[in-house]
């Protein structure tokens with residue numbers, strides 16, 4: 001299988017995984033009612049993605065989807081990113097999450113400066 005074919009296959013798998021996960025976001029949201037539960041969910045998604053190499057590239061897309069559907073909060077994602085504890089596979093995902101985390105941080109700073117002006 002050529003590199004291009006493999007990349008297409010990875011993208012297809014990522015899209016299918018996101019579609020399946022989207023079906024379960026209401027259930028996941030019901031279980032992720034605290035920051036501790038959200039961190040546990042994010043860590044499990046991370047570990048699963050690490051153990052299933054074909055889904056590795058989908059990690060940031062899935063975290064973004066869980067954020068947009070209010071399963072994971074901004075605070076939890078930032079805490080996970082900044083946490084020095086290196087659980088299974090985390091190092092591999094930090095670079096993948098960098099742009100999203102930078103966006104979250106800039107949005108957080110903008111909202112804080114807006115509050116200061118009031």
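In full-length UniProt numbering, the protein residues as written are 1 to 118. Virtual Cβ for every residue (Gly too), placed ideally from N, Cα, C.
Secondary structure at residue i, three-state DSSP: helix, strand or coil?
{"i": "residue 32", "result": "coil"}
{"i": "residue 91", "result": "helix"}
{"i": "residue 73", "result": "coil"}
{"i": "residue 84", "result": "coil"}
{"i": "residue 23", "result": "helix"}
On the criterion of 16 or more Cβ atoms from any shown chain inside 10 Å, does residue i qualify as buried, or is it exposed?
{"i": "residue 62", "result": "buried"}
{"i": "residue 12", "result": "exposed"}
{"i": "residue 82", "result": "exposed"}
{"i": "residue 110", "result": "exposed"}
{"i": "residue 71", "result": "buried"}
{"i": "residue 107", "result": "exposed"}
Taking residue i and residue j to be in contact with their CB atoms under 8 Å, please state how far apart those CB atoms are, rounded to whole angstroms.
{"i": "residue 35", "j": "residue 75", "result": "7 Å"}
{"i": "residue 78", "j": "residue 105", "result": "7 Å"}
{"i": "residue 43", "j": "residue 73", "result": "About 15 Å separates the two Cβ atoms, so there is no contact after all."}
{"i": "residue 47", "j": "residue 89", "result": "6 Å"}
Using only the alpha-carbon positions, how far apart do residue i and residue j sit?
{"i": "residue 113", "j": "residue 98", "result": "22 Å"}
{"i": "residue 93", "j": "residue 59", "result": "7 Å"}
{"i": "residue 51", "j": "residue 57", "result": "12 Å"}
{"i": "residue 95", "j": "residue 45", "result": "16 Å"}
{"i": "residue 27", "j": "residue 68", "result": "15 Å"}
{"i": "residue 20", "j": "residue 14", "result": "10 Å"}
{"i": "residue 103", "j": "residue 64", "result": "11 Å"}
{"i": "residue 91", "j": "residue 24", "result": "27 Å"}
{"i": "residue 33", "j": "residue 84", "result": "24 Å"}
{"i": "residue 80", "j": "residue 31", "result": "18 Å"}
Is it true that the CB of residue j sits closer than 7 Å to the CB of residue i?
{"i": "residue 55", "j": "residue 17", "result": "yes"}
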